[in-house]
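To start, the structure itself, in structure tokens.
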Amino acid sequence: MTTENYAPEISIQSVDFNLADEVALLEKDNAIDGAVVTFTGRVRNKNEGKDVTSLTLEHYPGMTEKSLAKIISQAKERWRIGRVKVIHRVGKLAIGEQIVFVGVTSMHRQDAFAANEFIMDYLKVQAPFWKKENTNQGEQWLAAKTSDENKAAKW
Amino acid sequence: MIKVVFFAALREQLNCHELTIVNENLTTVAELKAELASKSEQWQKVFTTGSLLSAVNHNMVDGEQTITSGDEVAFFPPVTGG
Chain A
1 MTTENYAPEI SIQSVDFNLA DEVALLEKDN AIDGAVVTFT GRVRNKNEGK
51 DVTSLTLEHY PGMTEKSLAK IISQAKERWR IGRVKVIHRV GKLAIGEQIV
101 FVGVTSMHRQ DAFAANEFIM DYLKVQAPFW KKENTNQGEQ WLAAKTSDEN
151 KAAKW
Chain B
1 MIKVVFFAAL REQLNCHELT IVNENLTTVA ELKAELASKS EQWQKVFTTG
51 SLLSAVNHNM VDGEQTITSG DEVAFFPPVT GG
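Here the protein sequences come in this chain order: A and B.
According to the working numbering, the first sequence is numbered sequentially starting from 1.
According to the working numbering, the second sequence is numbered sequentially starting from 1.
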């Protein structure tokens with residue numbers, strides 16, 4: 001395994017993140033970019049009719065960072081974007097907690113909008129994360145959705 | 001020597017996160033998979049049902065991918081992050 005340092009663009013962490021702090025970092029000393037697009041994913045209280053109590057997220061250390069770095073580099077090839085930040089949390093997360101953050105800056109909004117959605121869509125189908133759902137009817141690993149595959153395939 | 005790692009539902013079904021295989025005759029991911037499946041009825045069942053993804057040295061690959069001593073091979077279910 002290599003010891004590449006993917007910071008500051010990628011962070012896999014168990015602790016929460018602060019949206020305002022992340023936006024501030026994307027904007028700091030960055031007068032060239034007029035657009036900042038952010039996406040935050042959170043733990044929902046319901047999934048497929050079941051009451052969710054919490055999620056447990058597992059990942060493949062090393063491959064996760066490599067996979068996200070590749071997705072970010074593809075986004076940079078396709079769109080004129082400035083800064084990128086991807087944060088994904090792992091471990092046990094309660095309802096309403098933040099799971100994932102994707103922030104992208106660009107000179108004009110179209111590039112940042114498109115690149116942000118592209119990164120999220122690819123993260124969903126390529127980055128090695130797995131969610132276990134804890135519900136009032138027990139726990140189970142979530143199955144991958146065909147709709148996510150289809151969405152990523154459209155880019 | 002090949003390091004093999006398992007994740008998520010697969011890790012739980014096999015009750016195994018990591019193992020080492022010493023077999024010079026294994027040349028592809030598919031052959032390694034067949035070797036693992038032959039360990040027991042439970043392993044056979046796990047490796048022949050459902051869709052499994054594989055990675056070699058942190059890159060997603062298919063069964064035709066060749067493997068050599070020192071590689072890290074991972075097997076896991078389709079990913080569900082985000």
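A virtual CB, placed ideally from N, CA and C, is assigned to each residue, including glycine.
Where residue i meets chain B, residues with beta-carbon distance less than 7 angstroms
i, result
"E58 (chain A)", "F7 and A8"
"M107 (chain A)", "Those do not exist, as M107 (chain A) stays about 27 angstroms from chain B at its closest Cβ, beyond 7 angstroms."
Amino acids of chain A, ordered along the chain, whose beta-carbon sits closer than 7 angstroms to that of residue i
i, result
"V61 (chain B)", "What V61 (chain B) touches in chain A: nothing, since even the nearest Cβ is about 11 angstroms away."
Exposure label - residue i; buried when at least 16 CB within 10 Å
i, result
"T27 (chain B)", "exposed"
"W130 (chain A)", "buried"
"T105 (chain A)", "buried"
"I71 (chain A)", "buried"
"S73 (chain A)", "exposed"
Where residue i falls: helix, strand or coil (DSSP)
i, result
"S54 (chain A)", "strand"
"W155 (chain A)", "coil"
"E64 (chain B)", "coil"
"L93 (chain A)", "strand"
"Q98 (chain A)", "strand"
"N150 (chain A)", "helix"
"L53 (chain B)", "strand"
"E12 (chain B)", "helix"
"V15 (chain A)", "coil"
"I32 (chain A)", "coil"
"N45 (chain A)", "coil"
Residue span of the alpha helix (DSSP H) that contains residue i, given as start and end
i, result
"F39 (chain A)", "Run containing F39 (chain A): none in the alpha helix (DSSP H); it sits in the beta strand (DSSP E), A35 to R42."
"Q44 (chain B)", "E41 to T48"
"N116 (chain A)", "R109 to Q126"
"I71 (chain A)", "M63 to R78"
"V22 (chain B)", "Where V22 (chain B) is concerned, there is no enclosing alpha helix (DSSP H), given that its DSSP letter is neither H nor E."
"A34 (chain B)", "V29 to A37"
Closer than 9 angstroms at the beta carbon, the chain B residues around residue i
i, result
"A144 (chain A)", "S51, P77, P78, V79 and T80"
Listed by chain order, chain B residues near residue i by CB distance under 8 angstroms
i, result
"K66 (chain A)", "H58 and N59"
"K62 (chain A)", "Going by the sequence as given, residue 62 (chain A) is Gly instead of Lys. Going along chain B in sequence order, the residues near G62 (chain A) (Cβ under 8 angstroms) are H58."
Unbroken beta strand (DSSP E) run spanning residue i, endpoints
i, result
"E27 (chain A)", "No beta strand (DSSP E) holds E27 (chain A); the alpha helix (DSSP H) holding it covers L19 to E27."
"Q140 (chain A)", "G138 to W141"
"T80 (chain B)", "Careful: T80 (chain B) lies outside any beta strand (DSSP E) and carries neither H nor E."
Can you pull out the residues from the region 118-142 of chain A whose beta carbon lies closer than 8 angstroms to at least one beta carbon of chain B? M120, L123, K124, V125, Q126, A127, P128, F129, W130, K131, K132, W141 and L142
Any residues in the region 81-100 of chain A with a beta carbon nearer than 8 angstroms to a beta carbon of chain B? Which ones, in chain order? H88, I99 and V100
Any residues in the region 20-41 of chain A with a beta carbon nearer than 9 angstroms to a beta carbon of chain B? Which ones, in chain order? G41
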